[in-house]
């Protein structure tokens, strides 16, 4: 049997020591992460489990006792015309908000990127609508759009644009459009700030070179701005869609999902089912379905639109 | 020198050990009662706090505290609090809220207590009836509210219009009062409680106040109800175009700024006095118009009450002491006038209490308040009529199905007959087990 050499002995001790250190580091890392993981488990995982469990029962009112009914609530949800209508409304809501907010945000970001006197003030000013509490936003817009004393109708009538007040919440289509525009007004500054940050990271040299080559403004936008902003747009698209889908407060406070259900999106329907119709378990089933839909959307979005996927293809 | 500080030090140590426990011990000797109510406006909260402070001072062994809530959330918050074991001892209620908590096993029956109170402060029977079913009484009536037709006398006179009492007169008046700058009548059409209330007023006026048969099945779908919805839809053409998004505040504002010639509201006195001209001589109030030939017209009325949620003997006794104190005439009137001209008495001696009639605003609008009280004597509430109480009404009310049915007509363009039929179906679904 050969005796180990000195180097081998030292190396062994070093390897042993390094392994022990790595294990300790790992444990320390887990120790630091543990509080957050526990917090997330308590605030997300546990409610999710409870929600799924609740969705399999027939509980009506919070605090009352139910019994297990299997997937009955899911069957009811898929068969429910209200659920299908709300799902459709949510789809329209998300697309419309995305379109309006993106246009407004791009316009605002492009303007704010320019150098002009008061630029800094404008950049601060633009986010005011985003920081104003939702309740205040609702009160402001309800007052502005009122048909009996509202400023907007006062101006429309007195300038002769219309001959009588417009009912911005009087019909389903008008109400939905009004809520979309109000919500977009509230959230586009957030998107504008993100886009502005992205625009500022695009080297000016690219535009200068393109200008030398005779590129039009549209060509610059298409071939320089958009590709450069792809990572930003990806994040905005993913997070913005998820956030937009889950908007409840603006809709509920403005229209309560009306008139006649025209602005009832899935979050509004879930709330109404749980706390107005006293069908808590049915609402839980709807919320689980909604969660699955959003997960599928997120997975598909990441899979097919991720910038990394484009890089891999290149 | 050192010996001088030793006694002081000992004294301080003893004080440090004893004194902190005194407040805690004193608090432990007090019975604490938490009151949840939904009277959020600042003036109401302040008045309630004033009364609580007086009660607490007069009853050092009891400490009542208030926690204002709001109607938008209480239907969910209360059951959740009960489930979590955090329910208050006292909770204000309206009749269709009580069955929900009763079904959770959260309420203490109070018929014996109500009988005791009634012996000293006779209740108007209708206010107790709204809370009496399943062989028990589930809340103590505190204050009444009923809808009225409000108008400006000068506006009607200028248009040559008489105060309407029948539907035909009402339609004619609304049309005559509608100009480029004014709507004849302001009516809500949103899916909310306010629309429920006004819709039910028209149902009463059509002779359709009963939505249940005696056996508890629904009879919402009937010709009289259809007539009520048809009438409401006709009136809406003289109401602001954004009525489908109205709550109480919009109607009050419309009346205050003279855009609406007539509105149906519990009261407009406060806003009229503070945000409009405040001319008491010009403010008119009338019963809700009804279809000619209806023998028993009236208006919707809510007997607001307080529910007892604790079964702890000491807390229960303390809570009852507070309620008894509140109903004493010298206190009761001031309680009602947390919103002068809105909350009406539910007891006979309350209706004559000096503390009620001495409020400056009540003095100023005495005639209007008197008319309101008279109108309230013909008050009724759907699901709680003709001596019957149907607790399942809670589900119908919570979903605002009267209002939803109206939207089928006013928004979706359905015929009143089809809409009412669908409304019946929606109600049947709502109350199914």
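Protein chains in written order, with our numbering: chain A, 1 to 314; chain B, 315 to 747. Backbone N, C-alpha and C define an ideal beta-carbon position, used for all residues, glycine too. A quick note: this is a predicted structure, and the numbers were derived from the prediction, not measured.
| Item | Value |
| --- | --- |
| Kindly provide the ranges of any alpha helix (DSSP H) runs that are 4 or more residues long and lie completely inside the segment 177 to 234 of chain A, ordered along the chain. | 204 to 212, 217 to 220 |
| Considering only residues of the same chain and omitting the five flanking positions on each side of residue 109 of chain A, which have a CB-CB separation below 7 Å? | 192, 195, 196, 199 |
| Can you find a C-beta in chain A that's less than 9 Å from the C-beta of residue 558 of chain B? | yes |
| Per DSSP, what kind of secondary structure is residue 714 of chain B in: helix, strand or coil? | coil |
| Restricting to runs no shorter than 3 residues, where is the beta strand (DSSP E) found entirely within the segment 470 to 505 of chain B? | none |
| List the whole-angstrom C-beta distance separating residue 676 of chain B from residue 651 of chain B, where the pair is believed to meet the contact cut-off of C-beta under 8 Å. | 6 Å |
| At 9 Å on the CB atoms, spell out the chain B contacts of residue 201 of chain A, in chain order. | Chain B residues near residue 201 of chain A: none, gap ~43 Å exceeds 9 Å. |
| If you compare alpha carbons, which of B:373, B:359, B:674, B:542 is closest to residue 347 of chain B? | B:373 |
| Can you tell me where the beta strand (DSSP E) holding residue 582 of chain B begins and where it ends? | Residue 582 of chain B -> no beta strand (DSSP E), and no H or E assigned at all. |
| Let's test the definition: count the other Cβ atoms within 10 Å of the Cβ of residue 37 of chain A and tell me whether it reaches 16, buried, or not, exposed. | exposed |
| Does the structure place the segment 597 to 614 of chain B close enough to the segment 453 to 466 of chain B that three or more beta carbon pairs sit under 8 Å? | yes |
| Compare the C-beta of residue 268 of chain A against all C-beta atoms of chain B and say whether one is closer than 9 Å. | no |
| Any beta carbon of chain B sitting closer than 9 Å to that of residue 170 of chain A? | yes |
| Residue 714 of chain B and residue 220 of chain A: beta carbons closer than 9 Å? | no |
| Checking the sheet assignment: what are the DSSP bridge partners for residue 675 of chain B? | None; residue 675 of chain B has no bridge partner. |
| For residue 594 of chain B, which residues of its own chain have a beta-carbon under 7 Å away from its beta-carbon, when the five flanking residues on both sides are left out? | 678, 679 |
| Could you run through the segment 381 to 397 of chain B and flag, in chain order, every residue whose CB is less than 7 Å away from some CB of chain A? | 389, 390, 393, 394, 396, 397 |
| Say whether chain A places a C-beta atom closer than 9 Å to the C-beta of residue 315 of chain B. | For residue 315 of chain B, the predicted model reports a pLDDT of 43, less than 50, meaning its position is unreliable; a value from the coordinates is still stated below. Cβ-Cβ to chain A under 9 Å: no for residue 315 of chain B. |
| Please state the DSSP three-state secondary structure of residue 309 of chain A. | For residue 309 of chain A, the predicted model reports a pLDDT of 48, less than 50, meaning its position is unreliable; a value from the coordinates is still stated below. In this structure, residue 309 of chain A counts as helix in the three-state DSSP scheme. |
| Could you work out which residues of chain A lie near residue 709 of chain B, taking near to mean beta carbons separated by less than 7 Å? | 278 |
| Are three or more beta carbon pairs between the segment 473 to 489 of chain B and the segment 732 to 746 of chain B nearer than 8 Å? | no |
| I'd like the span of the beta strand (DSSP E) that includes residue 462 of chain B, first residue to last. | 462 to 466 |
| Using a Cβ-Cβ cutoff of less than 6 Å, which residues in the same chain neighbour residue 592 of chain B once the five nearest sequence positions on both sides are dropped? | none |
| Give me, in chain order, the residues of the same chain whose beta-carbon lies closer than 6 Å to that of residue 309 of chain A; leave out the 5 immediate sequence neighbours on both sides. | Model confidence at residue 309 of chain A stands at a pLDDT of 48, short of 50, so the residue's coordinates are unreliable and nothing is read from them. |
| Under a Cβ-count criterion, where at least 16 other Cβ atoms within 10 Å of its own Cβ denotes burial, should residue 312 of chain B be classed as buried or exposed? | One cannot answer for residue 312 of chain B here, as it falls past the ends of chain B, which runs 315 to 747. |
| Closer than 9 Å between beta carbons: that is the criterion. Which residues of the segment 491 to 508 of chain B meet it against chain A? | 494, 497, 500, 503, 504, 505, 506 |
| Could you compute how far the alpha carbon of residue 311 of chain A sits from the alpha carbon of residue 253 of chain A? | In this prediction, residue 311 of chain A scores a pLDDT of 45, lower than 50, which makes its location untrustworthy; no coordinate-derived value is stated. |
| Thinking C-alpha only, which one of A:71, A:295, A:35, A:148 is nearest residue 563 of chain B? | A:148 |
| Distance check for residue 123 of chain A and residue 547 of chain B, CA to CA, integer angstroms please. | 49 Å |
| Straight-line CA distance for residue 289 of chain A to residue 53 of chain A? | 13 Å |
| Does the beta-carbon of residue 24 of chain A have 16 or more other beta-carbons within 10 angstroms, so that it is buried, or is it exposed? | exposed |
| Classify residue 694 of chain B as helix, strand or coil using the three-state DSSP reduction. | strand |
| Using the C-alpha atoms, what's the distance from residue 727 of chain B back to residue 688 of chain B? | 37 Å |
| Within 10 angstroms of the Cβ of residue 314 of chain A, are there 16 or more other Cβ atoms? Answer buried if so, exposed if not. | Per-residue confidence for residue 314 of chain A stands at a pLDDT of 38, beneath the threshold of 50, marking its modelled position as unreliable; no derived number is given. |
| At a CB-CB cut-off below 8 Å, which residues of chain B make contact with residue 61 of chain A? | 393, 414, 417, 418 |
| Excluding the 5 residues preceding and the 5 following residue 648 of chain B in the sequence, name in chain order all residues of the same chain whose CB lies nearer than 6 Å to its CB. | 669 |
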